[in-house]
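Right, one structure below, let's go through it.
Residue numbers (my numbering): 9 to 141.
What follows is the structure in structure tokens.
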């Protein structure tokens with residue numbers, strides 16, 4: 009049985025809440041990622057996704073230079089343990105209506121992010137004869 013740790017992204021990008029939206033978008037583009045973890049000092053403040061930028065900033069005509077990411081992020085932090093099954097991760101995403109979940113170890117330390125796309129890619133590999141899922 010596959011675990012979240014088998015499919016998660018381990019390289020997490022962190023940005024402070026005081027980062028301008030324009031800079032966050034640039035970092036996301038350059039890193040080819042759809043999310044960043046937002047910090048407030050040493051504290052985890054939430055997550056910023058590409059969808060947040062569109063729905064909470066662009067659609068509201070927010071100025072990308074003066075709008076700080078801390079003002080548009082989702083501050084509800086949803087986590088799952090890295091030893092959880094892919095089915096448990098999919099269920100959590102469905103129940104919470106989210107596309108990404110932060111992954112923690114047994115001590116609640118952030119170790120990665122798992123997305124709906126990660127789960128879908130893994131499940132697609134399992135369906136292909138000779139796939140490496």
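C-beta atoms are modelled at their ideal positions from N, C-alpha and C, and glycine is treated no differently. Keep in mind it's a predicted model, so treat the numbers as computed, not measured.
Exercise. At a Cβ threshold of 8 Å, is residue 42 touching chain C?
Worked result: In the displayed structure, chain C is absent; only one protein chain is listed.
Exercise. Curious, which full-length alpha helix (DSSP H) runs of at least 4 residues does the stretch 64-134 contain?
Worked result: 94-104
For this session: Please report the residue range of the alpha helix (DSSP H) in which residue 20 lies.
Result: Looking at the DSSP string, residue 20 is not in any alpha helix (DSSP H), and its letter there is neither H nor E.
For this session: Please name the residue or residues paired with residue 55 in a DSSP beta bridge.
Result: 45, 82
For this session: Keeping to the same chain, check which residues put their C-beta closer than 7 Å to that of residue 53; ignore five residues upstream and five downstream.
Result: 25, 46, 47, 78, 81, 83
Exercise. What three-state label does DSSP hand residue 50 in the structure shown?
Worked result: coil
For this session: Decide if residue 123 is buried, meaning its Cβ has at least 16 other Cβ atoms within 10 Å, or exposed.
Result: buried
Problem set entry | Beta-bridge partners of residue 37, as assigned by DSSP | DSSP lists no partner for residue 37.
For this session: May I ask you to verify whether the stretch 50-64 touches the stretch 92-105, counting CB pairs closer than 8 Å and requiring at least 3?
Result: no
For this session: Indicate whether residue 56 and residue 28 have their beta-carbon atoms separated by less than 8 Å.
Result: no
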